[in-house]
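2 protein chains.
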Amino acid sequence: MISYSLPGFVKREFGKTAEQSHEVGKTMIASIAELISDRIGSMPAGERRAAQTLIANYPLTGLKTVAEFSAAAGVSSPTILRFVARLGFQNYPEFQSALQDELAAQLQSPATRTLNPSATGGAASPMLEATLDNMRETFRHLSDKQLADIAARLAERRGKTFLIGGRFTDPLARYMAAHLAIIQPDVHHLAGQESIWRDRLIDMGKRDVLVIFDIRRYQESLIRFAEKAHERGVQIVLFTDQWLSPIARFARHVIAGRTAVPSAWDSSAALFVVAETLIGAMTRQLEAAGAKRIRDLESLR
Amino acid sequence: MISYSLPGFVKREFGKTAEQSHEVGKTMIASIAELISDRIGSMPAGERRAAQTLIANYPLTGLKTVAEFSAAAGVSSPTILRFVARLGFQNYPEFQSALQDELAAQLQSPATRTLNPSATGGAASPMLEATLDNMRETFRHLSDKQLADIAARLAERRGKTFLIGGRFTDPLARYMAAHLAIIQPDVHHLAGQESIWRDRLIDMGKRDVLVIFDIRRYQESLIRFAEKAHERGVQIVLFTDQWLSPIARFARHVIAGRTAVPSAWDSSAALFVVAETLIGAMTRQLEAAGAKRIRDLESLR
DNA sequence: GGAGCGCTGTATCTTATGTTACGTATTTTG
DNA sequence: CAAAATACGTAACATAAGATACAGCGCTCC
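Chains as they are written, first to last, in my numbering: chain A, 220 to 520; chain B, 220 to 520.
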């Protein structure tokens with residue numbers, strides 16, 4: 220039998236001029252990035268890997284040689300070329316030229332770049348916009364001094380640090396605990412059932428700090444626990460939403476984050492960022508002591 | 220462990236050969252542009268034209284071929300090469316690599332380019348600014364279609380959903396699992412030791428989806444686990460950083476979030492927001508089926 | 001479970017890119 | 001003004017880059 224037609228994409232749609240703009244359906248594809256993410260669904264595994272690596276740090280990988288590109292994506296060179304061909308380019312240099320042109324346009328008008336979010340992703344992701352707003356709002360109501368105070372309180376290591384959260388916020392407590400446990404000793408995340416934490420109360424005293432995450436609907440069990448801890452003189456740092464969990468009345472420090480987003484769920488993203496900021500601030504404060512500790516931990520690996 | 224990720228990107232040494240080592244005194248040369256404008260005075264006419272052409276639309280001309288560069292500058296190819304050699308580079312490719320590295324650093328932190336816009340009032344927390352940039356940047360590389368695809372994949376409930384994360388990202392997996400478990404059945408977060416997950420592999424098959432969170436340093440145990448799951452035909456959705464965890468090679472869908480912030484730690488905030496967005500999208504998709512399910516759950520309280 | 005198709009990598013080939021040698025032009029200097 | 005030194009371009013070269021052919025393999029669909 221004679222060789223039948225090669226895989227269909229090779230030189231299928233390239234009759235026209237090189238400068239043609241790519242159209243997909245009714246929507247004009249402006250950037251190559253869009254073109255890729257539009258077609259990534261209909262790509263075979265190898266080419267998809269190429270696409271993902273390119274998008275991950277766009278457009279730099281595309282400016283390198285085919286060999287480097289293929290190595291970065293973990294595929295072979297021909298796969299890269301097939302990938303480029305599928306996007307509609309005649310050859311690799313043409314693809315690179317397109318990327319360079321695009322880059323030139325970007326670099327020339329930095330203004331468009333900042334406008335882009337509202338242009339491309341604006342209407343597309345009201346979720347993102349709301350989240351960004353939440354963060355700005357949250358930090359607007361949160362002075363640097365306040366953050367520094369809390370960081371100092373947590374960093375002064377007179378006692379132990381306990382962290383706990385509610386149904387959806389407990390992962391935030393875990394996240395924070397995972398970091399704090401590295402830069403200082405005696406950090407404990409309270410997991411499991413209510414009865415288990417309750418028993419830990421006997422370990423807590425005036426010198427200790429309890430970090431609680433609680434947004435609505437505020438959990439009864441957490442409130443009870445906070446109250447008991449407060450009675451024992453434990454300092455409470457509360458992460459909550461703008462409507463303030465009842466725990467606020469027991470708390471030494473209260474961080475109120477915005478949580479409203481156009482979704483069925485509340486967003487904990489703002490609180491997450493506050494937590495990260497706090498972790499960063501504490502790490503800086505404990506740098507001297509922490510550096511040794513981190514070295515020690517490293518050597519244990 | 221602690222990765223100091225921000226500024227110090229460009230660590231390439233320009234020209235160690237330096238036959239005529241024009242020592243630049245005490246001032247460190249940060250960018251190639253500076254290097255050029257520093258030495259442009261002591262250049263012959265032809266090379267000066269090359270320098271001016273490059274600076275005129277920096278750095279794009281330098282990324283093209285020698286022939287194109289020479290044509291743009293109106294000089295011959297050897298002049299370009301001599302120009303590059305005078306800057307201290309061994310050869311043209313090395314020069315191009317340096318330009319690309321520089322460009323990568325620029326593109327990575329858009330904050331440095333648009334120096335402190337009056338958005339929040341300038342001296343606000345650089346941590347917050349970096350985080351907001353990370354999110355915008357992350358979503359810029361993430362098309363709505365891609366998100367919708369992933370949401371659809373997770374929402375089509377032909378099989379089970381498993382979630383797992385690394386040392387610092389496992390809380391993200393938990394957070395997502397906590398929400399998904401409400402809107403659909405058969406959602407499992409894989410906790411505890413490696414041996415425990417491994418045993419769960421026998422429950423996983425082609426119809427199932429595994430959501431993995433993995434940012435650097437990428438954990439060996441996770442990679443092994445992902446590989447085994449992949450061999451069993453499990454569809455993998457990967458949340459990673461822009462450098463892409465090795466798991467990307469097994470993944471059906473890859474979400475690359477920006478993680479660089481001016482802190483000792485990497486930030487998972489951008490990935491957190493993507494996760495929330497995904498949760499929201501899935502909730503919307505499963506509204507019909509989910510509504511009943513949520514009512515049922517309510518009545519169980 | 002088998003047949004067909006399509007995707008992917010290895011090896012080979014071809015192109016064009018960067019590099020170098022050398023002669024001419026231009027500038028500099030005594 | 002003359003001679004030397006330096007700069008520049010033309011043309012040939014070597015190398016590395018992109019492109020292609022082919023075969024193995026896995027996957028899907030009967």
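Built from N, CA and C at the ideal position, the CB exists for glycine as well.
For residue i, I'd like the list of residues in its chain whose CB is within less than 7 Å of its CB, leaving aside the five on either flank, ordered along the chain.
{"i": "residue 322 of chain B", "result": "278"}
{"i": "residue 286 of chain B", "result": "296"}
{"i": "residue 446 of chain B", "result": "469"}
{"i": "residue 481 of chain A", "result": "345, 346, 349"}
{"i": "residue 310 of chain A", "result": "none"}
{"i": "residue 293 of chain B", "result": "268"}
Residue i touches chain B at which residues, Cβ-Cβ below 8 Å?
{"i": "residue 416 of chain A", "result": "None at all; the shortest Cβ gap to chain B is about 17 Å."}
{"i": "residue 476 of chain A", "result": "Result: empty, since nearest Cβ-Cβ is about 12 Å, beyond 8 Å."}
{"i": "residue 257 of chain A", "result": "362, 364"}
{"i": "residue 268 of chain A", "result": "467, 468"}
{"i": "residue 437 of chain A", "result": "By Cβ distance, chain B contributes nothing, its closest Cβ being about 14 Å from residue 437 of chain A, past 8 Å."}
{"i": "residue 370 of chain A", "result": "Those do not exist, as residue 370 of chain A stays about 12 Å from chain B at its closest Cβ, beyond 8 Å."}
{"i": "residue 412 of chain A", "result": "Under the 8 Å cutoff, chain B gives no residues; its nearest Cβ is about 15 Å from residue 412 of chain A."}
Since residue i and residue j are thought to touch, with beta carbons under 8 Å apart, how far apart are those beta carbons, to the nearest angstrom?
{"i": "residue 357 of chain B", "j": "residue 503 of chain B", "result": "About 21 Å separates the two Cβ atoms, so there is no contact after all."}
{"i": "residue 392 of chain A", "j": "residue 432 of chain A", "result": "5 Å"}
{"i": "residue 453 of chain B", "j": "residue 423 of chain B", "result": "5 Å"}
{"i": "residue 402 of chain A", "j": "residue 501 of chain A", "result": "7 Å"}
{"i": "residue 491 of chain A", "j": "residue 491 of chain B", "result": "5 Å"}
{"i": "residue 378 of chain A", "j": "residue 426 of chain A", "result": "3 Å"}
{"i": "residue 288 of chain B", "j": "residue 299 of chain B", "result": "5 Å"}
{"i": "residue 259 of chain A", "j": "residue 270 of chain A", "result": "5 Å"}
{"i": "residue 493 of chain B", "j": "residue 474 of chain B", "result": "6 Å"}
Mind pulling the chain A residues with CB within less than 7 Å of residue i?
{"i": "residue 386 of chain B", "result": "397"}
{"i": "residue 505 of chain B", "result": "By Cβ distance, chain A contributes nothing, its closest Cβ being about 10 Å from residue 505 of chain B, past 7 Å."}
For the beta strand (DSSP E) containing residue i, list its first residue and its last residue.
{"i": "residue 476 of chain B", "result": "472 to 476"}
{"i": "residue 365 of chain A", "result": "Run containing residue 365 of chain A: none in the beta strand (DSSP E); it sits in the alpha helix (DSSP H), 363 to 374."}
{"i": "residue 454 of chain B", "result": "454 to 460"}
{"i": "residue 498 of chain B", "result": "Looking at the DSSP string, residue 498 of chain B is not in any beta strand (DSSP E); the run it does join, the alpha helix (DSSP H), is 488 to 504."}
{"i": "residue 430 of chain A", "result": "428 to 433"}
Can you pull the chain A residues whose beta carbon is under 8 Å from the beta carbon of residue i, in chain order?
{"i": "residue 360 of chain B", "result": "252, 274, 275, 277"}
{"i": "residue 323 of chain B", "result": "276, 279"}
{"i": "residue 393 of chain B", "result": "389, 390, 393"}
{"i": "residue 382 of chain B", "result": "Near residue 382 of chain B there are no residues of chain A at all, since even the closest Cβ is about 11 Å away, more than 8 Å."}
Where does the unbroken alpha helix (DSSP H) through residue i begin, and where does it stop?
{"i": "residue 271 of chain B", "result": "264 to 275"}
{"i": "residue 449 of chain B", "result": "439 to 450"}
{"i": "residue 398 of chain B", "result": "389 to 402"}
{"i": "residue 382 of chain A", "result": "That residue, residue 382 of chain A, is in no alpha helix (DSSP H); its beta strand (DSSP E) goes 380 to 384."}
{"i": "residue 406 of chain B", "result": "Run containing residue 406 of chain B: none in the alpha helix (DSSP H); it sits in the beta strand (DSSP E), 406 to 408."}
{"i": "residue 416 of chain B", "result": "413 to 419"}
{"i": "residue 297 of chain B", "result": "296 to 305"}
{"i": "residue 289 of chain B", "result": "285 to 292"}
{"i": "residue 346 of chain B", "result": "345 to 359"}
{"i": "residue 281 of chain A", "result": "279 to 282"}
{"i": "residue 256 of chain B", "result": "251 to 258"}
Cβ closer than 9 Å: which chain B residues qualify as neighbours of residue i?
{"i": "residue 346 of chain A", "result": "492, 495, 496, 499, 500"}
{"i": "residue 420 of chain A", "result": "Chain B residues near residue 420 of chain A: none, gap ~24 Å exceeds 9 Å."}
{"i": "residue 260 of chain A", "result": "364, 365, 368"}
{"i": "residue 319 of chain A", "result": "279, 282, 283"}
Could you tell me which chain A residues have their CB closer than 9 Å to the CB of residue i, listed as they occur along the chain?
{"i": "residue 350 of chain B", "result": "354, 492, 495, 496"}
{"i": "residue 373 of chain B", "result": "Ordered by position in chain A, no residue passes the 9 Å Cβ test against residue 373 of chain B, which lies about 15 Å from the chain."}
{"i": "residue 409 of chain B", "result": "Simply none; closest approach about 14 Å."}
{"i": "residue 441 of chain B", "result": "What residue 441 of chain B touches in chain A: nothing, since even the nearest Cβ is about 15 Å away."}
Can you give me the Cβ contacts of residue i inside the same chain, cut-off strictly under 8 Å, excluding the 5 residues immediately before and after it?
{"i": "residue 438 of chain B", "result": "385, 386"}
{"i": "residue 419 of chain A", "result": "381, 407, 409"}
{"i": "residue 250 of chain A", "result": "321"}
{"i": "residue 367 of chain A", "result": "500"}
{"i": "residue 369 of chain A", "result": "456, 472, 474, 497"}
When you measure from the CB of residue i to every non-hydrogen atom of the ligand COA, does any distance come out below 6 Å?
{"i": "residue 421 of chain A", "result": "Because no ligand of any kind appears in the structure shown, any question about the ligand COA cannot be addressed here."}
Excluding the 5 residues preceding and the 5 following residue i in the sequence, name in chain order all residues of the same chain whose CB lies nearer than 6 Å to its CB.
{"i": "residue 353 of chain A", "result": "477, 489"}
{"i": "residue 506 of chain B", "result": "none"}
{"i": "residue 334 of chain B", "result": "Residue placement at residue 334 of chain B is poorly supported in this model, since its pLDDT is 42, which falls under 50; the coordinates still yield a value, given next. Correct list: empty, nothing qualifies."}
{"i": "residue 515 of chain B", "result": "none"}
**Study point:** Residues in the region 463 to 494 of chain B having any Cβ partner in chain A nearer than 7 Å
**Key:** 463, 467, 468, 473, 475, 482, 483, 484, 486, 488, 491, 492
Check your understanding: Mind listing which residues of the region 282 to 309 of chain B have their C-beta closer than 8 Å to chain A's C-betas, in chain order?
Key -> 282, 283
**Study point:** Near-chain A residues of the region 444 to 461 of chain B (beta-carbon distance less than 7 Å), N- to C-terminal order
**Key:** 461
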